[in-house]
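K.L.:
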Amino acid sequence: MECPFCNPPKEALLYEDGLIKILIDSYPAGRGHLLVVPKKHAKEWNELTREEKMAIFEGMELAMENLKKAFNPDGFNIGINLGRAAGQTVEHIHLHVIPRYEGDSKFPRGGVRKAVLDIEDENLSLKERWIKNRMSEEEIKKLKEVFELE
Ligand SMILES: [Zn+2]
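Numbering (this note's numbering), first residue to last: 2 to 151.
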């Protein structure tokens, strides 16, 4: 299958420079939902150079500035789905810039945290979920050890 981000439809392309493109999302989660994609067809974050990573964040800023000018949203959700388990469907890294508007959701609290609302524990209350997902002391210790190896 042809990559939709390497070969986006012309009408979806808003911006392009040496490293990134900004595209209109074809399945928007909100009005003005944009995607910032590296020009390199990279599936994994670590395939990108530091320069490419920075360019993605600069693209995010540009997308937000221009969305503010166009629609004056009240906030944004920003996110990248990395890997199939995280919901990545197109194997070309893309950062979502989703404008948010007062009142577009009855319960906006939690924002991108809701990206994992449909995992198996969706029937648990928020508090139960926090308890279930909280790391054990053992896990925290392990994670700290990994960080210390840096
Ligand atoms: Zn691609």
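All C-beta atoms in this analysis are idealised placements derived from N, C-alpha and C, irrespective of residue type, glycine included.
Computed from a predicted model, the values in this text were never measured in an experiment.
Does Leu150 come out as helix, strand or coil in the three-state DSSP assignment?
P.N.:
Residue state, collapsed to three classes: coil.
K.L.:
In its own chain, which residues sit with a C-beta less than 8 angstroms from the C-beta of Leu63, not counting the 5 before and 5 after it?
P.N.:
Hits under 8 angstroms: Tyr16, Ile23.
K.L.:
Where does His42 land, buried or exposed, given buried means 16+ other C-beta within 10 angstroms?
P.N.:
When all chains shown are included, His42 counts as exposed.
K.L.:
Compare the C-alpha of Asp1 against each of Gly31, Glu3, Ile25, Phe6 and name the closest.
P.N.:
Nothing about residue 1 can be reported from this structure: the residues present for the chain run from 2 to 151 only.
K.L.:
Using 8 angstroms as the threshold, is the segment 85-103 in touch with the segment 41-56, meaning 3 or more CB pairs across them?
P.N.:
They touch, by the three-pair rule.
K.L.:
Looking only at C-alpha atoms, which of Lys70, Trp46, Leu68 sits nearest to Ile81?
P.N.:
Residue Trp46 is the option with its Cα nearest to Ile81.
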